[in-house]
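Here is the structure we will look at.
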Amino acid sequence: MNLPAGELNPAALLARRFANWLLGWWRIVHIGAVVGVMALSRHSYGRAQRREIARHMVLDTAPVLVWFTLLSSLICMVIARIVVATALSYGLTQYALEMLVRVLVIELIPLTAALFVAVRCTIPHGAEIAVLHQRGVLQAQRARGIDPLRHEVLPRAVAGLFSVALLALLAGVVAMVLAYLVTYGFTTWALAGYTRTVGRVFDRVVVVVFLLKTLFFALAIVLVPLGSALTDDTRSRISAEVRGLVRLFALLLLIEAVSLAANYG
Amino acid sequence: MAEPPRTVDHAIDRPPAIAHLGFKAGALLGALVLLMVASVLFLLHARGAFDATQRLVLVADDSEGVVIGMDMTFAGFPIGRVRSVELAQDGKAHINIDVPTKDARWLRESSVFTLVRGLVGGTALRAYSGILTDPPLPPDAVRPVLRGDSTEEIPKLVAAAKDLITNLTALTASQSELSQTLANLRATSERLNGQRGLLGMLFGNERDAQRVVATLERANALLARLDGLTAKADAQLFGAQGVMPEARDTIVQLKALLNQTGASLKKVDAILDDAQAIAGNAKNATDDLGSLRAEVEANLRKIEQMVNELNRKWPFARDVEIKLP
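Chains as they are written, first to last, in this note's numbering: chain A, 1 to 265; chain B, 1001 to 1325.
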């Protein structure tokens, strides 16, 4: 492992890179499992710890809440208008609403929320942890008997999960209201039919897939940057961030593909 | 909310203090819980979890296109939802439908259910209630569903279209009757545009067409002669010395003769009237003679009676001797 790369043949180099890649993912999964166990443990929520989690929750969620809601509303209105106008021109208005609910609420909103939280919060959190890791702060804390995972990583992870959940839920509700308004306008006569359509779209499988997808999106955007920051031995901070981004987007893509296959496969 | 500066060093060394942290975190948590509960309740309501329902079982030969959760409509309004589809022991698909109790009034004993699959869009399950005064459909009713599938018509349509295309191909083939007819039509139209035009086309050869032309010319000459003849006849008939003036004079004379005859006939009428009067008088005279005769007869009888009386009263004339035996 410590041999210079130039002294290895290509096959061995490839195997070494694959092993490193696999090891990197394993470390992230391991840290994720440890953080998950901590998050479910009652001892992780002491007074000081709760205060730290609350601080991160407010810092991560409150500033972006309004902006994200406005931005997602704008995107939803544009997409809804396009879908309704297209459905009208093809005489398929009866399917427009169902398509809107599926495209916006089930497919688009969770991904957008996850990406927004990743760019705004969890990737900067990963950078912070990487700095702490490189400066030896985490090792010093460990030496003092303070678990850095519980003290530094867990509050950021819980705040990230919370932020994704709240943003996705809020944007989903706003998107459903906007889809109704764009389709029917400011009237209440179509409320019963709309409710029925939503009920038809959200059958058991779709609800389960939607919840699991949102959960895995949140876990991915929380654990990949934090895990990469803790496990990456690269001295270059930029390189670690780029590697974390690539891992993150690959995982998001995989989750989206699996969810699509589960919903429509 | 004003965002504190978030440099890495700042975040690590001096965490920014947040005023009313507990309240803000609680508000965010509360918002999340509220949204989650509201969403769950809305979805449960949308899926009809809070509606009292009654079960309806539709029996179909083929349940293709029927999916869980699809609506059953009545007059375009959804009144029921497919809860499950199962293959029963009789080999038929049983479609279990939950109908909300408040909408069940539209379903009657005589309701008809159809399963229609269109070319575009999903399968539609529809209910039709022709007689709304019939008894309502009881819960757990089992009804057959009529299947109307537009795609089932496609093979027939394709077969018909194939036949049509075959016929069309046969019609438009180079040796087909239509093609030959068109060729003949073309030759005919060429002949029509030729020197003899329509006549040439009708008779097919120049000689016959020429004979028709000659016949027409002779007919023209005949007509000219007929014209002269008509003029002469006109002069004979209506000229100054013609037949018509003489006939008019004759008619005038005949009219005068008729007038005279009328006067004569009137005189005859008067004579006949006189004769009729004479005959009436004679009849009256005959009647008077009858009565006169009756009177004469009566008088004669009286005279006879009187003579008999005189004879009876006259002593001399009577033989009054009584002769004894």
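In this text, a Cβ means the ideal position worked out from N, Cα and C, and glycines have one as well.
- Message: If I follow the unbroken beta strand (DSSP E) through Met-1070 of chain B, where does it start and stop?
- Response: As a position in the second sequence, residue 1070 of chain B is number 70, starting the count at 1. Segment: none, Met-1070 of chain B is in no beta strand (DSSP E) and carries neither H nor E.
- Task: Give a yes or no on whether the minimum CB-CB distance between Met-38 of chain A and chain B is below 7 Å.
- Result: Taking the first residue of the first sequence as position 1, residue 38 of chain A is located at position 38. Not one chain B Cβ lies under 7 Å of Met-38 of chain A.
- Distance between Leu-1157 of chain B and Thr-1188 of chain B (C-alpha atoms, nearest Å): Residue numbering aside, residue 1188 of chain B sits at position 188 when the second sequence is read from its first letter. Residue numbering aside, residue 1157 of chain B sits at position 157 when the second sequence is read from its first letter. Cα to Cα, Thr-1188 of chain B sits roughly 40 Å from Leu-1157 of chain B.
- Message: Quick check: is the beta carbon of Ala-171 of chain A nearer than 7 Å to any beta carbon in chain B?
- Response: Taking the first residue of the first sequence as position 1, residue 171 of chain A is located at position 171. No, no contact with chain B.
- Item | DSSP bridge partner residues for Val-1082 of chain B (one or two, in chain order) | As a working note, residue 1082 of chain B is residue 82 in the second sequence. B:Ile-1097.
- Message: Which complete beta strand (DSSP E) runs does the region 1029-1062 of chain B hold, if anything under 3 residues is left out?
- Response: For the beta strand (DSSP E) assignment, the uninterrupted runs of no fewer than 3 residues enclosed by the region 1029-1062 of chain B are, from N- to C-terminal side, 1053-1060.
- Query: What separation, rounded to the nearest whole angstrom, lies between the Cα atoms of Ile-79 of chain A and Tyr-95 of chain A?
  - Reply: Start at 1 with the first residue of the first sequence, and residue 79 of chain A comes out as number 79. Start at 1 with the first residue of the first sequence, and residue 95 of chain A comes out as number 95. Between Ile-79 of chain A and Tyr-95 of chain A, the C-alpha separation is close to 15 Å.
- Is there a Cβ from chain B that is less than 7 Å from the Cβ of Arg-55 of chain A? The residue you call residue 55 of chain A lines up with position 55 of the first sequence. Interface residue, yes.
- Range covered by the beta strand (DSSP E) that runs through Thr-1123 of chain B: The residue given as residue 1123 of chain B occupies position 123 in the second sequence. That run of the beta strand (DSSP E) goes 1123-1128.
- Report yes or no: do three or more beta-carbon pairs, one from the region 1044-1056 of chain B and one from the region 199-207 of chain A, lie closer than 8 Å? yes
- Item | Endpoints, the alpha helix (DSSP H) within which Phe-18 of chain A is located | Walking along the first sequence from the start, residue 18 of chain A turns up at place 18. First-last of the alpha helix (DSSP H) with Phe-18 of chain A: 10-40.
- Message: If you reduce the DSSP assignment to three classes, tell me which class Val-137 of chain A lands in.
- Response: Taking the first sequence and counting its residues from 1, one reaches residue 137 of chain A at position 137. Val-137 of chain A falls in the helix class under three-state DSSP.
- Compare the C-beta of Leu-344 of chain A with all C-beta atoms of chain B and state if any pair is closer than 7 Å. For residue 344 of chain A there is no data in the structure shown, the boundaries of chain A being 1 and 265.
- Query: With distances taken between CB atoms, is the gap from Leu-1125 of chain B to Leu-1137 of chain B smaller than 7 Å?
  - Reply: Residue 1125 of chain B sits at position 125 when you count from the first residue of the second sequence. Residue 1137 of chain B sits at position 137 when you count from the first residue of the second sequence. No, the pair does not count as a contact, with Cβ atoms beyond the cut-off.
- Query: In the region 1041-1058 of chain B, which residues sit with their C-beta less than 8 Å from some C-beta in chain A, listed in chain order?
  - Reply: Phe-1042, Leu-1043, His-1045, Ala-1046, Arg-1047, Gly-1048
- Item | Burial state of Ser-984 of chain B (16 or more Cβ within 10 Å) | In the structure as shown, chain B starts at 1001 and stops at 1325, and residue 984 of chain B therefore has no counterpart that could be examined.
- To the nearest angstrom, report how far apart Arg-1083 of chain B and Leu-1058 of chain B are at their CA atoms. One-based indexing of the second sequence puts residue 1083 of chain B at position 83. One-based indexing of the second sequence puts residue 1058 of chain B at position 58. Their backbone Cα atoms lie some 12 Å apart in a straight line.
- Query: Would the beta-carbon of Arg-247 of chain A fall within 7 Å of that of Val-224 of chain A?
  - Reply: Here residue 247 of chain A refers to the residue found at position 247 of the first sequence. Here residue 224 of chain A refers to the residue found at position 224 of the first sequence. Cβ atoms of Arg-247 of chain A and Val-224 of chain A: closer than 7 Å.
- Message: Ignoring anything shorter than 4 residues, give me the alpha helix (DSSP H) runs that lie fully in the region 148-204 of chain A, in order along the chain.
- Response: 154-184, 191-201
- Measuring only between beta-carbons, confirm whether Thr-195 of chain A sits less than 7 Å from chain B. By one-based count along the first sequence, residue 195 of chain A stands at place 195. Chain B contact via Cβ: present.
- Message: At the 7 Å Cβ level, is Lys-1024 of chain B part of the contact set with chain A, yes or no?
- Response: Against the second sequence, residue 1024 of chain B aligns to sequence position 24. The Cβ of Lys-1024 of chain B sits closer than 7 Å to at least one Cβ of chain A.
- Query: Hey, Leu-167 of chain A and Phe-249 of chain A are a contact pair by Cβ (cut 8 Å); roughly how many whole angstroms apart?
  - Reply: Mapped onto the first sequence, residue 167 of chain A falls at position 167. Mapped onto the first sequence, residue 249 of chain A falls at position 249. For Leu-167 of chain A against Phe-249 of chain A, the beta-carbon gap comes to about 19 Å, at or over 8 Å, which does not count as contact.
- Would you check if the distance between the CB atom of Thr-112 of chain A and the CB atom of Gly-160 of chain A is smaller than 7 Å? The residue given as residue 112 of chain A occupies position 112 in the first sequence. The residue given as residue 160 of chain A occupies position 160 in the first sequence. No, these two residues do not count as a Cβ contact at 7 Å.
- Message: On a Cα-Cα basis, can you pick out the residue from B:His-1094, B:Asp-1134, B:Gln-1089 that is closest to Trp-1106 of chain B?
- Response: Working through the second sequence from its first residue, we reach residue 1106 of chain B at position 106. When each option's Cα is compared against that of Trp-1106 of chain B, the closest is B:Asp-1134.
- For the candidate residues A:Leu-97, A:Gln-134, A:Arg-150, whose alpha-carbon lies nearest to that of Gly-185 of chain A? If you number the first sequence from 1, residue 185 of chain A lands on position 185. The shortest Cα separation from Gly-185 of chain A among A:Leu-97, A:Gln-134, A:Arg-150 belongs to A:Leu-97.
- Touch test, the region 206-215 of chain A against the region 1055-1071 of chain B, Cβ-Cβ under 8 Å, three pairs minimum: no
- Would the region 141-157 of chain A and the region 72-89 of chain A be scored as touching if the rule is three or more Cβ pairs under 8 Å? Counting C-beta pairs with one atom in each stretch, the region 141-157 of chain A and the region 72-89 of chain A have fewer than three that are closer than 8 Å, which means they do not touch.
- Report yes if the C-beta distance between Leu-1034 of chain B and Leu-169 of chain A is below 7 Å; otherwise report no. Translated into positions along the second sequence, residue 1034 of chain B becomes position 34. Translated into positions along the first sequence, residue 169 of chain A becomes position 169. Going by C-beta atoms, Leu-1034 of chain B is not nearer than 7 Å to Leu-169 of chain A.
- Three-state secondary structure (DSSP) at Thr-1133 of chain B? Here residue 1133 of chain B refers to the residue found at position 133 of the second sequence. It is coil, neither helix nor strand.
- Message: I'd like to know if Ile-1165 of chain B contacts chain D, where contact means its C-beta is closer than 7 Å to some C-beta of that chain.
- Response: Going by chain labels, chain D is absent from the structure shown, which instead holds the protein chains A and B.
- Task: Please report the Cβ distance between Leu-1056 of chain B and Val-1112 of chain B, rounded to the nearest whole angstrom; I am assuming they are in contact, meaning their Cβ atoms lie under 8 Å.
- Result: Position 56 of the second sequence, counted from the first residue, corresponds to residue 1056 of chain B. Position 112 of the second sequence, counted from the first residue, corresponds to residue 1112 of chain B. Actually they are not in contact, since the Cβ atoms of Leu-1056 of chain B and Val-1112 of chain B sit about 13 Å apart, beyond 8 Å.
- Task: To the nearest angstrom, report how far apart His-43 of chain A and Val-83 of chain A are at their CA atoms.
- Result: Taking the first sequence and counting its residues from 1, the one referred to as residue 43 of chain A is at position 43. Taking the first sequence and counting its residues from 1, the one referred to as residue 83 of chain A is at position 83. Each residue's Cα considered, the two are about 50 Å apart.
- With burial defined as no fewer than 16 other Cβ atoms inside 10 Å of the residue's Cβ, what is the status of Lys-1102 of chain B: buried or exposed? Translated into positions along the second sequence, residue 1102 of chain B becomes position 102. The residue is exposed, with fewer than 16 neighbouring Cβ atoms inside 10 Å.
- Task: Note down, in chain order, every chain A residue with its Cβ under 8 Å from the Cβ of Ser-1039 of chain B.
- Result: Indexing the second sequence from 1 puts residue 1039 of chain B at position 39. Going along chain A in sequence order, the residues near Ser-1039 of chain B (Cβ under 8 Å) are Leu-169, Gly-172, Val-173.
- Return the first residue and the last residue of the beta strand (DSSP E) that Thr-1114 of chain B is part of. Within the second sequence, the letter at position 114 stands for residue 1114 of chain B. That run of the beta strand (DSSP E) goes 1112-1117.
- Could you tell me the distance, in whole angstroms, from the CA atom of His-1010 of chain B to the CA atom of Glu-128 of chain A? Residue 1010 of chain B sits at position 10 when you count from the first residue of the second sequence. Residue 128 of chain A sits at position 128 when you count from the first residue of the first sequence. Note on His-1010 of chain B: pLDDT 46, under 50, position unreliable in the model; no value is reported.
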